[in-house]
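Residue numbers (our numbering), protein chains in the order written: chain A, 971 to 1359; chain B, 971 to 1359; chain C, 971 to 1359.
In this text, a Cβ means the ideal position worked out from N, Cα and C, and glycines have one as well.
Accompanying notes for the structure given below.
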Amino acid sequence: MPQITLTDLAHDLWTESFAISAADLGLPTDQGWSISKRTLRGGRREGVDLIRLHNGQLSIDILPTRGMGIWRGQFRGDRLGWSSPVVDGPVHPSQVNLAGLGGFGWLDGFDELLARCGLEHNGPPIQEGPFAHGLHGRIQNIPAHSVSIQICDTPPYELIVEGQVDEARLFGLRMRMKTRYRTVPGSNRLSIRDEFVNLGDRPARLAALYHWNLGPPYLEQGSRFVAAIRSVVPQTPRAAEGVGRFDTFGAPEPGFAEQVYLMELIGHGTEGSTPTMLRSASGDKAVVLRFATSQLPCFTLWKNTMGPGEGYVTGLEPATNYPNPRTFERRHGRFVELAPGETHVAELTLEILDHPQAIASVEAEVEALQARVSPTVLDSPQEPHAPGP
Amino acid sequence: MPQITLTDLAHDLWTESFAISAADLGLPTDQGWSISKRTLRGGRREGVDLIRLHNGQLSIDILPTRGMGIWRGQFRGDRLGWSSPVVDGPVHPSQVNLAGLGGFGWLDGFDELLARCGLEHNGPPIQEGPFAHGLHGRIQNIPAHSVSIQICDTPPYELIVEGQVDEARLFGLRMRMKTRYRTVPGSNRLSIRDEFVNLGDRPARLAALYHWNLGPPYLEQGSRFVAAIRSVVPQTPRAAEGVGRFDTFGAPEPGFAEQVYLMELIGHGTEGSTPTMLRSASGDKAVVLRFATSQLPCFTLWKNTMGPGEGYVTGLEPATNYPNPRTFERRHGRFVELAPGETHVAELTLEILDHPQAIASVEAEVEALQARVSPTVLDSPQEPHAPGP
Amino acid sequence: MPQITLTDLAHDLWTESFAISAADLGLPTDQGWSISKRTLRGGRREGVDLIRLHNGQLSIDILPTRGMGIWRGQFRGDRLGWSSPVVDGPVHPSQVNLAGLGGFGWLDGFDELLARCGLEHNGPPIQEGPFAHGLHGRIQNIPAHSVSIQICDTPPYELIVEGQVDEARLFGLRMRMKTRYRTVPGSNRLSIRDEFVNLGDRPARLAALYHWNLGPPYLEQGSRFVAAIRSVVPQTPRAAEGVGRFDTFGAPEPGFAEQVYLMELIGHGTEGSTPTMLRSASGDKAVVLRFATSQLPCFTLWKNTMGPGEGYVTGLEPATNYPNPRTFERRHGRFVELAPGETHVAELTLEILDHPQAIASVEAEVEALQARVSPTVLDSPQEPHAPGP
């Protein structure tokens, strides 16, 4: 299995540009896959490394410079992602001042399909004793120190991109994230496996949230969120206003104030593997995100159907905890405690559907899971999921 | 009209270096004009793009990386600009921490002839609810996402540099500045036209201030500020101390505490086009800045005649509003309200004079405008122009 | 004496890479010295200039981009430095948010053998009126604007690396640091001479601290700190707990809370030249740091024998003052007052010993100095050295 190291700072290795395809390896060329790496130039994207992982049908732009996040993707001509007001991204972390705007500087770089939040903190800005934490934490704005690719030389010739990002400093967290993206040529699927390793000598707390963001064509008036739900809690009074229709989406609405719903989902078996889906109004297109509630027990749905110039988008956010103030989450014991050397694993699969049958099949899977439990939908923010009124 | 695109991030286009002159286009070479672009290297200027627009007599260094500001210029051997304590600029925005120093980090990069202040905010640091705004806002530290040049192929063969800078983020302002610099080969004039477009879906407020900064040879003991003035208000008690001689300048004085005067000017006709001038003591050199009070109704004169090692400089600052605390300016309704898609235009002309007759002619123009109105000079800070004592 | 300029921003000169050795100059090649400069690429080190000054026995990695600090060194196979949790350094200043983490962002880049603290401030984060100062000040995160090397063409063919770093802004300090590193081919010694020049027009205060950081093989269980001591004051109650064994070091201890001791040392003659030494348990290896108490009157010992994953390290920190809150240090008059144009010089020598005799000889030198004075060891934090309880 050929492995190519693109970045390895421990050995002072970094690759400016790189490209590979099946023909280069003497592998079957029928799927037309390719992996390429280049460094973007100019403006706020100057110096951002971008890896395009294209399996022939599904193309994903991975950003080693932005914590191995996913800028955007494409599946058979459909855009995966959203139209952020940030139009000149991907923005280099050196141009994102996390302490800026009173701790909201993270928003200056927010334009991704997948932005990870964490790892010391993943909620709103907060001051704790002498320390200040900015919105959604730091991991998305830390460049990877190690990046490599692999191409399996036996069918189905799986394509792999791996990276490592450290959130570490003296007197602080020392957490390593090892992430691995995998896809099979010609498939509609991307698998993600993240290992979070406590490299410190003392127990440490992990807060990880996967901020998946989608706009049209998956988000539109009448789109629906589909999942097997145990409970739904509105995070704020504003979210409570819309709790009766929490799983359907409206048209773009200038000035729409975001609504956030905190959920517990129902999964299969002890691992709790569960599908969540955003499907178009007509049910012809959908994005499915699968993960295990044993790894990511807290799910947040972010409805932000603002006008098209402001960011018409919804977020599907599986996580270790809810994006509440850090002190609140700690009080409810939702961070993952890791002993020295211990690892927490999170696995997710992104699947893109463009046939009504496939979408109906996921809906049937959800119905079967839901059959066991009637969802509890609270009509106001309440502990333990959300700070009370 | 040949147009060359140097940066266009939407199409992932960026040009490392570029140069063009009349001979390259088969145009008349008698004026010796040239336009060149390069990327500065090393220290705090690493990665700063610089465009030199040289019309043969007047040379202007434009900084796409610093919000299309003007680093400095030269006119027939005379320096346009000032000696900032920042001697290793132009400083890359990634080296300017706007949240640093308690919100005064902007000063770390301040060494320009023209620094724009705004667009969400252009005053002193302020905390407003959960948001913090640093000194003079962000626009000067946002790299342009689009830069191009044009050379008119018919007389007088005008030279044009254009750029676009977005101040935009989710949940925030989405304002685009389209700026255009124009000059005619061999002339003593630079024209600036900025369009500020609200790309958001809701009404937005614009705060734009043009911080033009000049030192010797235009600033010296006995230099004078010349303009047709309706009113002058000292911004602070310190400024009030010097209000009797607000329009004359002293020699460099170590430890001089800045004095700021807020003015309304008198312009021609309904547009209110008006000249402002800084002229040397003997009246042999001057810089004239023309603009329209209908576009930029608020003028601020910044007197900062500190020692030569600290920054002996004065600022001529036409603006949409005064550089007061944001809350104060909003209360007085001085920000420009822009509907979705609406544009505010600001046009300015910089003219360099080196003949007493030309200077006398501007003085006569000012006198004629002033003849209609006697200036009101307040002797203390007062509303509505300045927060009271 | 050949002098090569690597960076001179005033003349827009910067050198991407460079290497020189004795053979290049026709000098004796028996010591195998070399000086090389390159720019690191990738991750958080992207764009960091590194100069390796290798005298054949002693190798030192100087970081012009990080305020001319020393990343790490090597002496005959022994590492000079420590294992910071920051494993992907040296970190570019654009990736260090000094305003981040509530003023503790400096720690994100802290992995050096020598990190200078200062120059306006070198203590803990503090808000003073409208201004905020982050941990340990800014100088270590300001790139040099001037860098050059010299090789003496007469025996002993001394090798010199020089750099200039300005901490300067409008309305603020305007201090220039001119630093010079010198070493003789084949020697075990590095000399440092820093000149701090007040380029402003008014008196200014200088705060400079040399944060020398060492781990194994010099730091280990049973290592000792050796110096001629007039007084020792624990900085905090926590430090007071260990004051009885302030000069010996324990094994790595996960969760060990740092202990800081503030000292006055005894020097030779009126200049007060004095050796300080960290020696291994068996006395076979040591690092000696010599400086003059007339130049650097305040010495701080930082004991941070945390676990190996957190940063097992000790700091030897000669300074103009103690790393206490800025207001406290000013009240006790410990900053250096510099008139306009005035210079403060600090000279240090780093010497690496790997023979017991050499180490015993330094111990004898210390004993002789100490013979004149019995050290005062206070058992609690007390003024004037430390804020009281």
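What residues from the region 1038-1071 of chain A come within 7 Å of chain C, judged by C-beta to C-beta, listed N to C? P1063, S1064, N1067, L1068, A1069
Own chain partners of L1286 of chain C with C-beta closer than 6 Å, once the 5 adjacent residues on each side are dropped: W1182, T1246, L1259
Express the C-alpha separation of G1079 of chain B and Q1205 of chain A in angstroms, rounding to a whole number. 41 Å
For M1147 of chain B and chain C, any beta-carbon pair shorter than 8 Å? no
Does DSSP put P1267 of chain B in a helix, in a strand, or in coil? coil
Check the Cβ of F1080 of chain C against every Cβ in chain A and list those closer than 8 Å, keeping chain order. R1139, L1140
Distance, Cα to Cα, N1274 of chain A vs A1227 of chain A? 7 Å
For D978 of chain C: DSSP bridge partner residues: C:L983, C:S1116
Distance cutoff 8 Å, beta carbons only. Does L1077 of chain B sit that close to anything in chain C? yes
Note down, in chain order, each residue of its chain lying with its Cβ closer than 8 Å to the Cβ of P1095 of chain C, except the 5 sequence neighbours on either side. G1072, G1073, F1074, A1102, H1103, G1104, L1105
Between V1202 of chain B and L1232 of chain A, what straight-line distance do the alpha-carbon atoms span, to the nearest angstrom? 56 Å
Cβ of R1014 of chain C within 8 Å of any chain A Cβ: yes
Sequence-distant residues of its chain with Cβ nearer than 6 Å to E1234 of chain A (five each side left out): R1200, S1201
Distance, Cα to Cα, E1299 of chain C vs G1088 of chain C? 13 Å
For the region 996-1030 of chain A, enumerate the residues whose C-beta is nearer than 7 Å to any C-beta of chain C, in chain order. G1017
Just the chain A side, please: which residues come within less than 7 Å of T1313 of chain B by C-beta, in chain order? Simply none; closest approach about 14 Å.
On a CA-only basis, which of B:F1166, B:R1301, B:L976, B:Q1229 is nearest P1351 of chain B? Give me that one, please. B:Q1229
Okay, do the region 979-998 of chain C and the region 987-1004 of chain B touch, 3+ Cβ pairs below 8 Å being the bar? no
If you count every other CB in all the chains shown that lies within 10 Å of the CB of D1019 of chain B, and 16 or more means buried, which is it? buried
C-alpha distance - I1162 of chain C paired with T1240 of chain C, whole-angstrom precision: 20 Å
Does chain C have any CB closer than 8 Å to the CB of F1101 of chain A? yes
Return yes when the C-beta of G1303 of chain B is under 7 Å from any heavy atom of the ligand ZN, and no when it is not. The ligand ZN is not part of the structure shown, which contains no ligands of any sort.
Run through DSSP, which three-state label would Q1027 of chain B get? coil
What residue range is occupied by the uninterrupted beta strand (DSSP E) comprising A1102 of chain B? 1101-1103
For the pair the region 1022-1037 of chain A and the region 997-1004 of chain A, tell me if three or more CB-CB distances fall below 8 Å. yes
Within 8 Å (strictly less), CB to CB, does P1095 of chain C reach chain B? no
Kindly indicate if chain B contains any beta-carbon less than 8 Å away from that of P1207 of chain A. no
Could you tell me the alpha carbon to alpha carbon distance between V1343 of chain A and G1093 of chain B, rounded to whole angstroms? 56 Å
Reference L1323 of chain B; option with closest CA among B:S1331, B:G1281, B:I1040: B:S1331
Mark A1114 of chain B as exposed unless 16 or more other C-beta atoms lie within 10 angstroms of its C-beta, in which case mark it buried. buried
Compare the C-alpha of G1017 of chain C against each of C:S1029, C:S1006, C:I1030, C:P1034 and name the closest. C:P1034
In the DSSP output, which residue or residues are listed as bridge partners for L1320 of chain A? A:L1160, A:L1259
Buried or exposed by the 16-neighbour rule on C-beta atoms within 10 Å, applied to M971 of chain A: exposed
Would you say R1172 of chain A reaches chain C, if we count a Cβ-Cβ gap shorter than 8 Å as a contact? yes
The alpha helix (DSSP H) spanning D994 of chain B covers which residue range? 992-995
Where H1314 of chain B falls, given that 16 or more other Cβ within 10 Å makes a residue buried: buried
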